[in-house]
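Have a look at the structure below before the remarks.
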Amino acid sequence: MKYTSLSDNLLVDLLKTNDGLAFKEIYARYWMGIYKAAYIKTYHKELAEELTQNLFVDLWRRRETITINSLDCYLYGSLKYSIINHYKSQLVKEKYQDHMNGQKQSISNNTDDLVLVNDLSKALNQGIALLPKKTGEIFKMSRIDNRSTKEISQQLNISEKAVEYHITQSIKSMRFHLKEYLFLFLSFIFLHKF
404 MKYTSLSDNL LVDLLKTNDG LAFKEIYARY WMGIYKAAYI KTYHKELAEE
454 LTQNLFVDLW RRRETITINS LDCYLYGSLK YSIINHYKSQ LVKEKYQDHM
504 NGQKQSISNN TDDLVLVNDL SKALNQGIAL LPKKTGEIFK MSRIDNRSTK
554 EISQQLNISE KAVEYHITQS IKSMRFHLKE YLFLFLSFIF LHKF
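In structure tokens form, the structure reads like this:
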């Protein structure tokens, strides 16, 4: 079968049956266009490559469960949301960095506060280490890597309810483990989520 002559719809149907050659043809057919669109929006070669590559990795990973009416619309729509999510994440990181820089300046004159922050950091790492492996992993993805419940559920191939359960359990456990640091811990949690 010559894949280059197949329609997008047929390629998608073959992709859903784990046909690697169908994926290879979709990749060959759309990679350059997606990359160019990403580059036009980001003006950054490496970022455009990363977004494009991640889009195709996600397509392969979700091949059996996705519903695609138009491959073209699906890929370019996914790219649009990937770019938006990337910049949202960057804004959150910058906001957090600005906040932490401000915190460091206000703390730097007070040795007791600096010791408290170091203790909190150690206690936080110890608390994460005490969590069950999957719960700890989900906590880190949610609160440290700032990933959404949906992203985590897709990456770990579990339901969003399961992700929410693990996050709730981890916060309860961390709250108990960090009783004496509760105020700083809550600040940490909210800064990373918003």
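Residue numbers (the working numbering): 404 to 597. All C-beta atoms, glycine included, are put in the ideal place defined by N, C-alpha and C.
ILE570 and ILE541 closer than 8 Å at C-beta:
Taking the first residue of the sequence shown as 1, we reach residue 570 at position 167. Taking the first residue of the sequence shown as 1, we reach residue 541 at position 138. Between ILE570 and ILE541, the C-beta spacing is below 8 Å.
By DSSP, does LEU581 sit in helix, in strand, or in coil?
Here residue 581 is taken as the residue at index 178 of the sequence shown, counted from 1. Residue state, collapsed to three classes: coil.
Just to confirm before moving on: does the CB-CB distance between ASP428 and LEU414 stay below 8 Å?
Along the sequence shown, one-based indexing puts residue 428 at 25. Along the sequence shown, one-based indexing puts residue 414 at 11. The sequence shown places Glu at residue 428, rather than the Asp named in the question. In contact: GLU428 and LEU414 (Cβ atoms closer than 8 Å).
What first and last residue would you give for the alpha helix (DSSP H) that runs through LYS543?
Counting from 1 along the sequence shown, the entry for residue 543 is found at position 140. Note, LYS543: premise wrong, no alpha helix (DSSP H); not H, not E.
Neighbour-count burial assignment, TYR446, 16 or more Cβ in a 10 Å radius:
Working through the sequence shown from its first residue, we reach residue 446 at position 43. The residue is exposed, with fewer than 16 neighbouring Cβ atoms inside 10 Å.
Please classify ALA431 as buried or exposed, where buried requires at least 16 other C-beta atoms within 10 Å of its C-beta.
Start at 1 with the first residue of the sequence shown, and residue 431 comes out as number 28. Classification for ALA431: exposed.
For GLU567, does the three-state DSSP call read helix, strand or coil?
Along the sequence shown, one-based indexing puts residue 567 at 164. The answer is helix: DSSP assigns GLU567 an H, G or I state.
Cβ atoms of LEU458 and LEU478: under 8 Å apart, would you say?
As a first step, residue 478 must be located in the sequence shown, where it is residue number 75. As a first step, residue 458 must be located in the sequence shown, where it is residue number 55. The beta carbons of LEU478 and LEU458 sit closer together than 8 Å.
In three-state DSSP terms, what is HIS489?
The residue you call residue 489 lines up with position 86 of the sequence shown. Helix, per DSSP.
From what residue to what residue does the alpha helix (DSSP H) around TYR433 run?
Counting from one through the sequence shown, the residue named residue 433 turns up at place 30. For TYR433, the enclosing alpha helix (DSSP H) starts and ends at 423 to 445.
To the nearest angstrom, how far is it from the Cα of THR455 to the Cα of ARG464?
Stepping through the sequence shown from its first residue, residue 455 is reached at position 52. Stepping through the sequence shown from its first residue, residue 464 is reached at position 61. Straight across, the Cα-Cα distance linking THR455 with ARG464 is about 14 Å.
Among residues of its own chain, excluding the 5 on either side of LEU482, which ones have a beta-carbon nearer than 7 Å to its beta-carbon?
The count along the sequence shown starts at 1 and reaches residue 482 at position 79. Cβ neighbours of LEU482 beyond the five flanking positions: ILE437, ALA440, ALA441, LEU454 and LEU458.
Ends of the alpha helix (DSSP H) at ASN457?
Counting from 1 along the sequence shown, the entry for residue 457 is found at position 54. Under the DSSP assignment, ASN457 falls in the alpha helix (DSSP H) whose first and last residues are 448 to 464.
Identify, in the order they occur along the chain, each residue of the same chain with its Cβ nearer than 6 Å to the Cβ of ALA425, setting aside the five sequence neighbours on each side.
Residue 425 sits at position 22 when you count from the first residue of the sequence shown. Around ALA425: LEU414, LEU417 and LEU418.
Exposed or buried, TYR484, counting other C-beta atoms within 10 Å across all chains shown (16 or more means buried)?
Taking the sequence shown and counting its residues from 1, the one referred to as residue 484 is at position 81. TYR484 is exposed by the Cβ-count criterion.
Beta-carbon proximity list for GLN572, same chain, < 7 Å, skipping 5 on both sides
Numbered from its first residue, the sequence shown carries residue 572 at position 169. So the list reads THR538, once near-sequence residues are dropped.
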